[in-house]
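Below: one structure, written as structure tokens.
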Amino acid sequence: MSTPLPLWAEILTAVFVVLGAAFAAIGSFGLVRLPTFFRRIHAPTLGATAGVWCITIATIVYFSVQGFNLFLHAVLIALFVALTAPVTTIFLMRAALFRERQKGGDVPPAATSTPTPHK
Numbered sequence: 003m004s005t006p007l008p009l010w011a012e013i014l015t016a017v018f019v020v021l022g023a024a025f026a027a028i029g030s031f032g033l034v035r036l037p038t039f040f041r042r043i044h045a046p047t048l049g050a051t052a053g054v055w056c057i058t059i060a061t062i063v064y065f066s067v068q069g070f071n072l073f074l075h076a077v078l079i080a081l082f083v084a085l086t087a088p089v090t091t092i093f094l095m096r097a098a099l100f101r102e103r104q105k106g107g108d109v110p111p112a113a114t115s116t117p118t119p120h121k
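Okay, so the sequence shown: first residue is 3 according to this note's numbering, each after it adds one.
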């Protein structure tokens, strides 16, 4: 049977869990409410990354206090999400931008290889 956590650890864990859930919810609302794909793509990525870091901190606090030693295994999950979410977002944005340019949509033009002179 496990021992009860000290009050400070319960409060700290609860704060980070609620904060992580709030970040994830805000990202979800941004996904639903923003008008275009190019605006919509950022909210879930930022919300997921911030939410995962908060949940990771809560997990570290809970299991470190519960097991009487430092629990850092959860950091691997957070690092994986922190590395893959932005990369995935970049690939999705590039694919969407490519398709939008093929359709002749109103997006920024492709970068040219010749630099423009500064005045």
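Each residue gets a CB set at the ideal place from its N, CA and C atoms; glycine is no exception.
Answer yes or no: do residue i and residue j have a C-beta to C-beta separation smaller than 8 Å?
i      : j      : result
Met-95 : Ile-13 : no
Ile-79 : Gly-49 : no
Gly-69 : Pro-46 : no
Val-67 : Ala-11 : yes
Phe-73 : Phe-65 : yes
With distance defined between alpha-carbon atoms, name the residue in the options nearest to residue i.
i       : options                          : result
Phe-18  : Thr-5, Pro-46, Ala-52            : Ala-52
Leu-9   : Pro-37, Val-63, Thr-58, Arg-41   : Val-63
Val-109 : Arg-35, Arg-41, Gly-22           : Arg-41
Ala-87  : Val-54, Thr-5, Lys-105           : Val-54
Val-20  : Thr-58, Arg-103, Ile-92, Gln-104 : Thr-58
Using 8 Å for Cβ pairs, my map puts residue i next to residue j. What's the rounded Cβ distance?
i      : j      : result
Ala-76 : Thr-61 : 4 Å
Phe-39 : Ala-98 : 6 Å
Cys-56 : Phe-25 : 6 Å
Which runs of the beta strand (DSSP E) fall wholly inside the segment 42-85 and span at least 3 residues, in chain order? none
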